[in-house]
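Read the structure below first, then the notes.
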Amino acid sequence: MYKHLIAIGSLILLSCIVIFYQYASIPHNISFDEIEFAKLALSLDRTPYTVYSPLFTGHSTLYFYILLLSFKIFGISNFALRFPSALFGIISILIFYFIMNKVFKNTLFAFLLSCILLTLHWYINFSRFSFEATFLLFLELLSTLFLFKFLENKKIHHLLLSGITAALAFHSYYPGRIFFILPLFFLFLTHTKKYVFLFLLIFSLIASPLLIYFTQHPDIRITQVSLFTDSHLAPGEKMGLIGTNIQKTSLMFNLKGDMNGRHNYPGKPALNPILGILFLGGLITALRKYSQFYNQYFLLYFFLSLILSIIGRTQDNPNMLRTFTAIPAVVYFIGQAYLLLWQLKTYLKKEFVIGFIAILFIVSTVYEIRTYFVFQSRVFRNSFEVLCSLQEVIKYDTKKIPLPCRVSKNLF
13 MYKHLIAIGS LILLSCIVIF YQYASIPHNI SFDEIEFAKL ALSLDRTPYT
63 VYSPLFTGHS TLYFYILLLS FKIFGISNFA LRFPSALFGI ISILIFYFIM
113 NKVFKNTLFA FLLSCILLTL HWYINFSRFS FEATFLLFLE LLSTLFLFKF
163 LENKKIHHLL LSGITAALAF HSYYPGRIFF ILPLFFLFLT HTKKYVFLFL
213 LIFSLIASPL LIYFTQHPDI RITQVSLFTD SHLAPGEKMG LIGTNIQKTS
263 LMFNLKGDMN GRHNYPGKPA LNPILGILFL GGLITALRKY SQFYNQYFLL
313 YFFLSLILSI IGRTQDNPNM LRTFTAIPAV VYFIGQAYLL LWQLKTYLKK
363 EFVIGFIAIL FIVSTVYEIR TYFVFQSRVF RNSFEVLCSL QEVIKYDTKK
413 IPLPCRVSKN LF
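Using our numbering, the letters of the sequence shown correspond one by one to residues 13 to 424.
Pasting the structure below:
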């Protein structure tokens, strides 16, 4: 019990330090997208509840009601716009710790993997500005945790909570629209039909407002970014572009990452060389031991998280935003590789193995934090296009923001 409390307290402290360090200055500017998000959230104020807004390429509104609440608490400011993402970034670390502790049944190892997740420059980045990624991850991790609890103790309320959070993920950023397939698939594999029906029932009840909306209106953003909805492409061309997307997404982890400066240091792999090698080793291990339940779960979670990027526009790939929910599986595979290294104690001195693992962890962590706070932060000077505060520019049409508030030269 004390180990858990120490681990939880330490993770909260570390998460707050990493996510809120120089929070007001990295990134200092705001993006046009963030301004549009703020406008969408404010448009929901004092109006009847709506499940979907066609504003700014179209969005389901769950997260934007949370943004609206943040504005009401803190006022219209950069901090209020970005705070929910940071908050869910911190909570997601704790949920991931509980999942890893359940999977590996070792507090210290779960803590180690949670620290790896926290210090990925991929994770730090999306916890520090207003995009919806950490909120979606929070819902998916919570659904996963409740599913694992249900499979362990057969308590119905855990199944219902898993279904509820999967349905809320359906209301979130659009990769969450297919997440429910993951818990549903494993219920089919491991339980009788009554549990599948119960999960589907609670999921359908909560997802139904958005489902009903989509029977009458298109999902604007999906229509814009999906290859399948592009009428100008022949079937053969679409398959060729999907192949290109698979290649780009596969290379994203170890060779060439996202080129969008808001998502990544342009072109830098999503994982540093140490984590990249460990990821590949753990992925291969999980594929070889596919019969094990947790390997099956995180393999499917990983590939499911890549699907919408793979069927998206080729020019948008690789895309570390649309594949953000692959991160838990990536860290799980890294954990599998660390377990393989730990087994070397059979052949080498235990102290040597511990020291080697500690060095890998420390060097990798320093590398990731340095990537974000030293290198990626420089790119933000241009990638976030608006110099003035949200309160100053919220009144303008995005295209008509005054020139003194715009980045006009290369500051990188």
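Note that beta-carbon positions come from the ideal geometry of N, C-alpha and C, so glycine has one too.
Residue i: which of the options sits nearest, CA to CA?
{"i": "residue 179", "options": "32, 206 and 195", "result": "195"}
{"i": "residue 123", "options": "302, 27, 334 and 368", "result": "27"}
{"i": "residue 402", "options": "41, 30, 37 and 31", "result": "41"}
{"i": "residue 219", "options": "184, 318, 34 and 284", "result": "184"}
{"i": "residue 114", "options": "303, 355 and 163", "result": "163"}
{"i": "residue 15", "options": "256, 37 and 121", "result": "121"}
{"i": "residue 177", "options": "151, 190, 168 and 166", "result": "151"}
{"i": "residue 321", "options": "253, 209 and 20", "result": "253"}
{"i": "residue 250", "options": "240, 259 and 258", "result": "240"}
{"i": "residue 282", "options": "295, 330 and 298", "result": "330"}
{"i": "residue 237", "options": "315, 125, 319 and 23", "result": "319"}
{"i": "residue 21", "options": "85, 119, 80 and 59", "result": "119"}
{"i": "residue 213", "options": "161, 175, 24 and 33", "result": "175"}
{"i": "residue 374", "options": "294, 29, 125 and 324", "result": "125"}
{"i": "residue 323", "options": "29, 261 and 295", "result": "261"}
{"i": "residue 202", "options": "305, 216 and 135", "result": "305"}
Roughly how many angstroms lie between the CA atoms of residue i and residue j, to the nearest whole one?
{"i": "residue 338", "j": "residue 313", "result": "7 angstroms"}
{"i": "residue 171", "j": "residue 110", "result": "17 angstroms"}
{"i": "residue 280", "j": "residue 207", "result": "44 angstroms"}
{"i": "residue 13", "j": "residue 117", "result": "13 angstroms"}
{"i": "residue 385", "j": "residue 263", "result": "24 angstroms"}
{"i": "residue 269", "j": "residue 327", "result": "13 angstroms"}
{"i": "residue 66", "j": "residue 105", "result": "32 angstroms"}
{"i": "residue 141", "j": "residue 205", "result": "42 angstroms"}
{"i": "residue 427", "j": "residue 377", "result": "For the chain, the structure presents residues 13 to 424; residue 427 sits outside this window and is missing."}
{"i": "residue 192", "j": "residue 165", "result": "21 angstroms"}
{"i": "residue 414", "j": "residue 399", "result": "10 angstroms"}
{"i": "residue 258", "j": "residue 265", "result": "12 angstroms"}
{"i": "residue 419", "j": "residue 78", "result": "29 angstroms"}
{"i": "residue 85", "j": "residue 95", "result": "11 angstroms"}
{"i": "residue 274", "j": "residue 366", "result": "37 angstroms"}
{"i": "residue 18", "j": "residue 108", "result": "16 angstroms"}
{"i": "residue 405", "j": "residue 47", "result": "8 angstroms"}
{"i": "residue 307", "j": "residue 293", "result": "13 angstroms"}
{"i": "residue 29", "j": "residue 154", "result": "23 angstroms"}
{"i": "residue 59", "j": "residue 211", "result": "32 angstroms"}
{"i": "residue 381", "j": "residue 130", "result": "10 angstroms"}
{"i": "residue 228", "j": "residue 222", "result": "10 angstroms"}
List the whole-angstrom C-beta distance separating residue i from residue j, where the pair is believed to meet the contact cut-off of C-beta under 8 angstroms.
{"i": "residue 101", "j": "residue 31", "result": "5 angstroms"}
{"i": "residue 49", "j": "residue 97", "result": "Between residue 97 and residue 49 the Cβ distance is about 10 angstroms, and since that is not below 8 angstroms, they are no contact."}
{"i": "residue 388", "j": "residue 169", "result": "Not a contact, Cβ separation roughly 42 angstroms."}
{"i": "residue 186", "j": "residue 64", "result": "The pair is not a contact, with the Cβ atoms about 11 angstroms apart (cut-off 8 angstroms)."}
{"i": "residue 302", "j": "residue 198", "result": "Not a contact, Cβ separation roughly 14 angstroms."}
{"i": "residue 353", "j": "residue 369", "result": "6 angstroms"}
Suppose the cutoff is 7 angstroms on Cβ atoms and the five residues either side in sequence are ignored; what does the same chain contact list for residue i look like?
{"i": "residue 371", "result": "none"}
{"i": "residue 173", "result": "158"}
{"i": "residue 267", "result": "281"}
{"i": "residue 156", "result": "111"}
{"i": "residue 90", "result": "42, 401 and 402"}
Cutting at 6 angstroms between CB atoms, please list the residues of its own chain near residue i, excluding the five before and the five after it.
{"i": "residue 379", "result": "284"}
{"i": "residue 83", "result": "92"}
{"i": "residue 311", "result": "298"}
Can you find the residues in the same chain that come closer than 8 angstroms, C-beta to C-beta, to residue i, ignoring five residues on each side of it along the sequence?
{"i": "residue 383", "result": "133, 277, 280 and 284"}
{"i": "residue 80", "result": "53, 54, 56 and 57"}
{"i": "residue 484", "result": "Here the chain has residues from 13 to 424 only, and residue 484 is not among them."}
Could you say if the region 243–263 and the region 356–364 meet the contact criterion of at least three C-beta pairs nearer than 8 angstroms? no
Touch test, the region 226–241 against the region 69–83, Cβ-Cβ under 8 angstroms, three pairs minimum: yes
Does the region 50–57 come into contact with the region 145–161, if we say contact requires no fewer than three beta-carbon pairs (one atom in each stretch) closer than 8 angstroms? no
Taking 8 angstroms as the threshold, find out whether the region 339–347 comes into contact with the region 271–291 through three or more Cβ pairs. yes
Check whether the region 325–337 touches the region 346–357, taking contact to mean three or more Cβ pairs, one atom from each stretch, closer than 8 angstroms. no
Is there contact here, the region 33–47 with the region 392–402, by at least three beta-carbon pairs under 8 angstroms? yes
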